[in-house]
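Encoded as structure tokens, the structure appears first; notes follow it.
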Amino acid sequence: MPKITVAELIAALGGDLLGAPDPVIERIGPLDGADATTIAFLANPRYQQQLAGSAAGCVILAPALRELAEARGGSYILTPDPYLYFARLTQWWAAQVRPLGAPRVHPSAVIDPTAELGLDVDVGPQAVIEAGARIGAGARIGAHCVIGERAVVGEGSRLAPRVTLGFDCRIGARCLLHSGVVIGADGFGFAPTAGRWEKIEQLGAVRIGDDVEIGANSCIDRGALDDTVLEDGVKLDNLVQIGHNVKVGAHTAMAGCAGVAGSAVIGRGCTIGGGAIVLGHLSLADGVHVSAATVVTRSIAKPGQYSGVFPFDENASWEKNAATLRQLHALRERLRALEKKA
Amino acid sequence: MPKITVAELIAALGGDLLGAPDPVIERIGPLDGADATTIAFLANPRYQQQLAGSAAGCVILAPALRELAEARGGSYILTPDPYLYFARLTQWWAAQVRPLGAPRVHPSAVIDPTAELGLDVDVGPQAVIEAGARIGAGARIGAHCVIGERAVVGEGSRLAPRVTLGFDCRIGARCLLHSGVVIGADGFGFAPTAGRWEKIEQLGAVRIGDDVEIGANSCIDRGALDDTVLEDGVKLDNLVQIGHNVKVGAHTAMAGCAGVAGSAVIGRGCTIGGGAIVLGHLSLADGVHVSAATVVTRSIAKPGQYSGVFPFDENASWEKNAATLRQLHALRERLRALEKKA
Amino acid sequence: MPKITVAELIAALGGDLLGAPDPVIERIGPLDGADATTIAFLANPRYQQQLAGSAAGCVILAPALRELAEARGGSYILTPDPYLYFARLTQWWAAQVRPLGAPRVHPSAVIDPTAELGLDVDVGPQAVIEAGARIGAGARIGAHCVIGERAVVGEGSRLAPRVTLGFDCRIGARCLLHSGVVIGADGFGFAPTAGRWEKIEQLGAVRIGDDVEIGANSCIDRGALDDTVLEDGVKLDNLVQIGHNVKVGAHTAMAGCAGVAGSAVIGRGCTIGGGAIVLGHLSLADGVHVSAATVVTRSIAKPGQYSGVFPFDENASWEKNAATLRQLHALRERLRALEKKA
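Residue numbers (full-length UniProt numbering), protein chains in the order written: chain A, 1 to 342; chain B, 1 to 342; chain C, 1 to 342.
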């Protein structure tokens, strides 16, 4: 674990010192449960009463709360966006406690002689890199990854162990793909014929921009004719499904178990909640926010928050309400009849 | 990319020529955005106005639209089912642009001496094939696949990299399994006892028919006593979960993130939408179609389309309606009381 | 297949003999469809009429049904909890038909010299065990597993092929992890800034207790600052997502495709149905049972069964009811107005 003074942290990460420069910080933690060696942050003024009671050795704080801090005493880093500062602090911390090893190509990796590896590429044990693939400088390919023919990995991208990047698929720079990710499996396309399904070969690929992160066991299918596209800065959580020919706009984020069906177009800066489903061929405008477990069944042209979840309840209450729901349209008709009478 | 005349395509794939035989085709694409080197198709007469405006060099068309075509001019392939023709065209195209390499057994693969490999089997780097497994002629086992003891892969089946086929499990001929698929993990079976769970060992296996396709990271559990079964021609998308002892009838298709709980029996020719869930021990008749995200809580004896999704809305509207829904049964009682009075 | 007399089974597994000791048992199966070589069980007295018609050679039965058994004749094992006895019988059976091979470290495995392997550890082909990892006595690491730096596997735990156990993550004794499981991918944490996302490095790990089973392709993310925790005896089915800093209480079970968002705290002895979603930062008391596909949007302090699923219906009926649902709040107002008039 690092040991660092507040003054040294500020030298590394910026921010303005308020109070003592010399507390020694050994961990990052929440205000609640902090001790004198903990650095915490307060991003939401609603939680400001937690500050007074916290034993944290240093608190990252917005300048607007300076008076509160001065009343409490101790050591602070003032910065306009404490949560962003915290994020950068975690990055600095990770670099201290988990420094990346020097890049090496493990001798058990199977690399086609026509694959091109940039400078300082790291290839883990038993990774497979096929013909014509190109791996950008500083990229790290984890153990047991399979990089298909002619696939491209941008500079500085990291693939955790056990990622499949299919042939002809491309990911940009500084991406992070977690274990079990599958990029470029076939989209789900079949023509029905005489009671069975005739396969539509998926002739497109997947194109992924820079700074994209994809969670464990998520799947991005290749396009049928054109490519499936994730733009720069997209963040996907675990077990997310992206169908063929989907376009996901820049800096859109999707939580775990979300699914987007084929040819849907999701705008920029959207958020899709966990377990939500977007049906195929729909368009979502920029800035659309879909609540967890909501099923989007038509296009959304206006930014905003959209929801559609059955409210859960004790089972007996749910049963009664759900049963009545199956007669809801009839109830409306009965209400209408009464209104006419009245 | 292939360059081929319309006449040559017809020689390879059939269909009747209407108009010019000599346009050179270099890509397959939609009517919209096509150019003179594009072959497109029109399957749904509803979209026939797209035809007039399209610059496609050749269009696959049903004979019923011949007059429309003659009015527009250009080159056509007439065929009773344009979408099916398109599917076969993609297959022909894929064979041109991605010919399968000559089969080889990669020296890094670990193959038990008691495993039997048929003629022309391809085994990718670092695949593992365990004792007593049998791989049919022409099958292709991708890099990092694990074929368990006594497992059977039928002739001409293809396993993408990183597929697990568990011991004693069998897949038929011409199947396609995508990366991350797990066939034959234990079904989820436990006996509750004194506040904890006692494992029920899963003594069955998985039997999969011919021409089955299974999407990336999907899971088919082994049965508890008997086998879990997917019949011929079943198509599963990505991240689909099939519980132990489920039976899926021939030519049934399930979209991404669908889940079928243990011992459910799904008929032939069904479709299960993305994210839909079928509870355990239910029976669905042949020809049942379940909409996306629908939860099937009782057996369905009659073919047809079934749905059950909360309609999404702007968050504020949803909140009001959802809150009221929790009193729906009481509202019905109030309505009834009013009706009695009236 | 084993061949064993009822008397020998009782010698191995306990229980009281009723009737003949000498039927030879060759398979375990349901009452329905059993033959003279089948051992079956009857756990639920509701199904007792199946007993009379069954040809099973031996039936595991509660003593309360002794009279029924005596009337039918044949051979029985009497035991207070037939389902538990059945579970133990499957375990005994599996040990006969699938004995574990002698432990060996496959020569193709890549094991860092600083990793510590206990006595009788089995390591499959091409597994990777990184620096400082510790594998307890009798543990079995499947083919293609990746055990990260400093990760710990408890005694007697089994990892099926293709499991990722991330650096610093720990699993207890006698755990069973199925293929494709990913333990210790990054939790989904980002600070929004100027229209993009700044990564919050996930500095915690994952701690898993004893006797935990995790289904195929399930994901347990590492914590942001502290650890994600699964207590002893937790059972997770396939394709389950556990977000960062979640705590799952001992002996809680979750069915396939369930998802738990970050920092949720689930009590002991809970059950979470298939496809259910628990939102982040919620608390569920001990003994809470969530029905399949239910979305838990607020904390639950009281044990019991909770549900929230839109009842499915024929599509046309659903459409009418769903459309009306979007006006439900307005309907309530109309009802209220009528009530005032009346």
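Where is the CB? At the ideal position from N, CA and C, for every residue including glycine.
| request: Would you please verify whether the beta carbon of Val-128(C) is less than 8 Å from any beta carbon of chain B? | output: Residue 128(C) sits at position 128 when you count from the first residue of the third sequence. No, Val-128(C) does not count as interfacial toward chain B.
| Beta carbon of Gly-273(B), beta carbon of Val-290(B): below 8 Å? | Indexing the second sequence from 1 puts residue 273(B) at position 273. Indexing the second sequence from 1 puts residue 290(B) at position 290. With respect to Val-290(B), Gly-273(B) sits close: the two C-beta atoms are nearer than 8 Å.
| task | Note down the Cα distance separating Ile-200(A) from Leu-239(B), rounded to an integer number of angstroms. | result | Your numbering for residue 200(A) matches position 200 in the first sequence. Your numbering for residue 239(B) matches position 239 in the second sequence. Near 20 Å, if we compare the C-alpha coordinates of Leu-239(B) and Ile-200(A).
| message | So if I threshold CB-CB distances at 7 Å, which residues from the segment 225–248 of chain B count as touching chain A? | response | Cβ contacts with chain A: Gly-233, Lys-235, Asp-237, Asn-238, Leu-239.
| said: Cβ closer than 7 Å: which chain B residues qualify as neighbours of Thr-37(C)? | reply: On the third sequence, residue 37(C) is found 37 positions in, with the first residue counted as 1. Correct list: empty, because the minimum Cβ distance to chain B is about 14 Å.
| field | Supposed close pair Ala-224(B), Gly-187(B) - CB separation, criterion 8 Å | value | Mapped onto the second sequence, residue 224(B) falls at position 224. Mapped onto the second sequence, residue 187(B) falls at position 187. That belief holds up - the Cβ atoms of Ala-224(B) and Gly-187(B) are roughly 5 Å apart, short of 8 Å.
| Under 8 Å, do Arg-334(A) and Leu-328(B) count as touching if we go by C-beta distance? | Numbered from 1 along the first sequence, position 334 holds the residue referred to as residue 334(A). Numbered from 1 along the second sequence, position 328 holds the residue referred to as residue 328(B). No.
| chain A beta carbons: is any one of them nearer than 8 Å to that of Asn-125(B)? | Translated into positions along the second sequence, residue 125(B) becomes position 125. The sequence given here places Pro at residue 125(B); Asn does not occur at that position. Closer than 8 Å: yes.
| query | So Trp-197(B) and Lys-235(C) are in contact, right, with Cβ under 8 Å, and what is the actual spacing, rounded? | reply | Taking the second sequence and counting its residues from 1, the one referred to as residue 197(B) is at position 197. Taking the third sequence and counting its residues from 1, the one referred to as residue 235(C) is at position 235. Indeed, because the Cβ distance is near 5 Å, the residues count as touching under 8 Å.
| task | Answer with yes or no whether the minimum CB distance from Phe-41(A) to chain E is below 8 Å. | result | The structure shown contains no chain E; the protein chains it does contain are A, B and C.
| query | When the Cα of Ala-131(A) is compared with those of Gly-124(A), Val-146(A), Asp-122(A), which residue comes out closest? | reply | Position 131 of the first sequence, counted from the first residue, corresponds to residue 131(A). Measuring from the Cα of Ala-131(A), the nearest candidate turns out to be Val-146(A).
| message | What does the Cβ neighbour count give for Val-212(B), buried or exposed, with the cut at 16 atoms within 10 Å? | response | On the second sequence, residue 212(B) is found 212 positions in, with the first residue counted as 1. By the neighbour-count rule (16 or more Cβ atoms within 10 Å), Val-212(B) is buried.
| task | Flag Phe-167(A) as yes if its beta-carbon sits less than 8 Å from any beta-carbon of chain C, otherwise no. | result | For this step, residue 167(A) is matched to residue 167 along the first sequence. Cβ-Cβ to chain C under 8 Å: no for Phe-167(A).
| request: Compare the Cα-Cα distances from Ala-64(C) to each of Ser-54(C), Arg-46(C), Arg-150(C), Gly-124(C) and report the closest residue. | output: Numbered from 1 along the third sequence, position 64 holds the residue referred to as residue 64(C). Cα-wise, what sits closest to Ala-64(C) is Arg-46(C).
| said: Going by the DSSP bridge assignment, what does Tyr-76(A) pair with across the sheet? | reply: In the first sequence, residue 76(A) corresponds to position 76, counting from 1. The partner list for Tyr-76(A) (beta bridge, DSSP) reads Leu-18(A), Val-59(A).
| request: Confirm, please, whether the CB-CB distance from Val-309(A) to Ala-293(A) is below 8 Å. | output: In the first sequence, counting from the first residue as 1, residue 293(A) sits at position 293. In the first sequence, counting from the first residue as 1, residue 309(A) sits at position 309. Yes, the pair counts as a contact, with Cβ atoms nearer than the cut-off.
| request: Please state whether DSSP places Glu-67(A) in a helix, a strand or coil. | output: Translated into the one-based positions of the first sequence, residue 67(A) becomes position 67. Of the three classes helix, strand and coil, the one that applies to Glu-67(A) here is helix, per DSSP.
| query | Grouping DSSP H, G and I as helix and E and B as strand, with all else coil, what is Leu-89(B)? | reply | By 1-based counting over the second sequence, the position of residue 89(B) is 89. Three-state DSSP puts Leu-89(B) in a helix.
| message | I'd like the list of long-range same chain contacts for Phe-41(C), defined as Cβ closer than 6 Å, with 5 residues on each side in sequence excluded. | response | Taking the third sequence and counting its residues from 1, one reaches residue 41(C) at position 41. Once the five neighbours on either side are set aside, the close Cβ partners of Phe-41(C) are Ile-60, Pro-82, Phe-86.
| request: Could you say which of Val-24(C), Asp-16(C), Ala-56(C) lies nearest to Pro-2(C) if we only look at CA atoms? | output: Translated into positions along the third sequence, residue 2(C) becomes position 2. For the set Val-24(C), Asp-16(C), Ala-56(C), the Cα lying nearest the Cα of Pro-2(C) is the one of Val-24(C).
| In the DSSP assignment, what residue or residues form a beta bridge with Phe-41(A)? | Indexing the first sequence from 1 puts residue 41(A) at position 41. Phe-41(A) pairs with Ile-60(A).
| message | Measuring only the C-alpha atoms, how far is Arg-298(C) from Gly-29(B)? | response | Position 298 of the third sequence, counting from 1, holds the residue named residue 298(C). Position 29 of the second sequence, counting from 1, holds the residue named residue 29(B). The alpha-carbon atoms of Arg-298(C) and Gly-29(B) are separated by roughly 48 Å.
| query | Using a Cβ-Cβ distance under 8 Å, would Thr-164(B) count as near chain A? | reply | Translated into positions along the second sequence, residue 164(B) becomes position 164. No, its Cβ sits nowhere closer than 8 Å to a Cβ of chain A.
| Which whole-angstrom value is the C-beta distance of Ile-129(A) and Asp-112(A), which I expect to be below 8 Å? | The residue given as residue 129(A) occupies position 129 in the first sequence. The residue given as residue 112(A) occupies position 112 in the first sequence. Going by Cβ atoms, the distance from Ile-129(A) to Asp-112(A) rounds to 6 Å, so yes, they are a contact pair.
| message | Between Thr-114(C) and chain A, is the shortest Cβ-Cβ distance under 8 Å, so that the two count as touching? | response | Numbered from its first residue, the third sequence carries residue 114(C) at position 114. No, its Cβ sits nowhere closer than 8 Å to a Cβ of chain A.
| request: Give the residues from the segment 300–316 of chain B that approach chain C closer than 7 Å (Cβ to any Cβ), ordered along the chain. | output: Gly-304, Gln-305, Tyr-306, Ser-307, Gly-308, Val-309, Phe-310, Pro-311, Asp-313
| said: Quick check on the DSSP output: the beta strand (DSSP E) that includes Arg-162(C) runs from which residue to which? | reply: Within the third sequence, residue 162(C) is the residue found at index 162, counting from 1. First-last for Arg-162(C): undefined, no H or E at that position.
| What does Thr-324(C) reach in chain A if we use C-beta pairs closer than 7 Å? | Here residue 324(C) is taken as the residue at index 324 of the third sequence, counted from 1. Here the neighbours are Leu-328, His-329, Arg-332.
| said: Spatial neighbours of Ser-75(B) within its chain, please: C-beta separation below 6 Å, excluding the five flanking residues on both sides. | reply: Position 75 of the second sequence, counted from the start, is the residue given in the question as residue 75(B). Counting only Cβ-Cβ distances below 6 Å, and skipping sequence neighbours, we find Val-6, Gly-19, Ala-20, Pro-23, Cys-58.
| From the beta carbon of Tyr-47(C), is the nearest beta carbon of chain B less than 8 Å away? | Position 47 of the third sequence, counted from the start, is the residue given in the question as residue 47(C). No, no contact with chain B.
| field | Supposed contact pair Cys-175(A) and Ala-205(A) - C-beta distance, whole angstroms, cut 8 Å | value | In the first sequence, residue 205(A) corresponds to position 205, counting from 1. In the first sequence, residue 175(A) corresponds to position 175, counting from 1. The pair is not a contact, with the Cβ atoms about 16 Å apart (cut-off 8 Å).
| So which residues on chain C does Thr-90(A) lean against when the C-beta distance must stay under 7 Å? | As a first step, residue 90(A) is located in the first sequence; it is residue number 90 there, counting from the start. Going along chain C in sequence order, the residues near Thr-90(A) (Cβ under 7 Å) are Ile-200, Glu-201, Leu-203.
| said: Using 8 Å for Cβ pairs, my map puts Ala-143(A) next to Ala-127(A). What's the rounded Cβ distance? | reply: Sequence index remark: in the first sequence, residue 143(A) carries index 143 (1-based). Sequence index remark: in the first sequence, residue 127(A) carries index 127 (1-based). Sure, about 6 Å apart at Cβ, within 8 Å.
| In whole angstroms, what is the alpha-carbon distance linking Asn-315(A) and Gln-241(C)? | Your numbering for residue 315(A) matches position 315 in the first sequence. Your numbering for residue 241(C) matches position 241 in the third sequence. Computed Cα separation, rounded: 24 Å.
| Ends of the beta strand (DSSP E) at Thr-324(B)? | Indexing the second sequence from 1 puts residue 324(B) at position 324. Premise fails: Thr-324(B) lies in the alpha helix (DSSP H), 315–325, not in any beta strand (DSSP E).
| What residues from chain B crowd round Gly-259(A), counting only those whose CB sits closer than 7 Å? | Counting from one through the first sequence, the residue named residue 259(A) turns up at place 259. Simply Gly-256, Cys-257, Gly-274, Gly-275.
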